[in-house]
Amino acid sequence: QAVLTQPASLSASPGASASLTCTLRSGFYVDTYRIYWYQQKPGSPPQYLLRFKSDSDHQQGSGVPSRFSGSKAASANAGILLISGLQSEDEADYYCMIWHSSAWVFGGGTRLTVL
């Protein structure tokens, strides 16, 4: 079983909000990790969006608009990337990752379609 699980795809309408989840496997506790989020568009390298551990430990990527935000759902053992006011340019693949045992652990990514 993968350490980080992301839904393969998600669709939402322009102007709506999208909540992308990154669920940690049993035995990995979301409250102990910084969750990093990246956006990747076809033909381009991944772009760092933000990291989130708590309200007092988070960082927005340079130039990343505030409509991208991070949170956690402890009851679901998941990190969340919330994108509000969806725009067509937000259509991309989104990846979460954590730093664990001196290595980066990646989720499989979610393809967000803005319809």
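If you count by the UniProt record's numbering, then the sequence shown holds residues 1 to 115, one letter each, in order.
The beta carbon of each residue, even a glycine, is placed where N, CA and C say it ideally should be.
Small disclaimer: the values here were computed from a predicted structure and weren't measured.
Does the segment 6-13 come within contact of the segment 66-82, defined as at least 3 CB pairs closer than 8 angstroms?
-> Segment contact: the segment 6-13 against the segment 66-82, fewer than three CB-CB distances shorter than 8 angstroms; contact not assigned.
Ends of the beta strand (DSSP E) at T23? Along the sequence shown, one-based indexing puts residue 23 at 23. Counting along the chain, the unbroken beta strand (DSSP E) around T23 starts and ends at A18 to L24.
At the level of alpha carbons, what is the spacing between F68 and L49? Taking the sequence shown and counting its residues from 1, the one referred to as residue 68 is at position 68. Taking the sequence shown and counting its residues from 1, the one referred to as residue 49 is at position 49. Each residue's Cα considered, the two are about 8 angstroms apart.
Discussion item. Please report the straight-line C-alpha distance between S54 and K72, rounded to a whole angstrom.
Written reply: Position 54 of the sequence shown holds residue 54. Position 72 of the sequence shown holds residue 72. When only Cα atoms are considered, S54 and K72 end up about 8 angstroms apart.
Can you give me the Cβ contacts of G108 inside the same chain, cut-off strictly under 6 angstroms, excluding the 5 residues immediately before and after it? For the purposes of this step, residue 108 is taken as residue 108 along the sequence shown, with counting starting at 1. Cβ neighbours of G108 beyond the five flanking positions: Q6.
Item to check | When G61, Y29, T110 and L86 are compared against Y95, the one with the closest alpha-carbon | outcome: Within the sequence shown, the letter at position 95 stands for residue 95. Of the candidates G61, Y29, T110 and L86, the one whose C-alpha sits nearest the C-alpha of Y95 is T110.
Ranges of the beta strand (DSSP E) found wholly within the UniProt domain "Ig-like" (1-102), counting only runs of at least 3:
If one requires a minimum length of 3 residues, the beta strand (DSSP E) runs lying completely within the UniProt domain "Ig-like" (1-102) are 9-12, 18-24, 35-40, 47-54, 57-60, 68-73, 78-83 and 92-100, in chain order.
Check: Along the chain, where does the beta strand (DSSP E) that runs through L115 open and close?
Finding: Along the sequence shown, one-based indexing puts residue 115 at 115. Run containing L115: none; DSSP gives neither H nor E here.
(Q) Taking the beta carbon of W104 as the centre, do at least 16 other beta carbons fall within 10 Å, making it buried, or is it exposed? (A) What you label residue 104 is simply residue 104 of the sequence shown in a count that begins at 1. So W104 counts as exposed.
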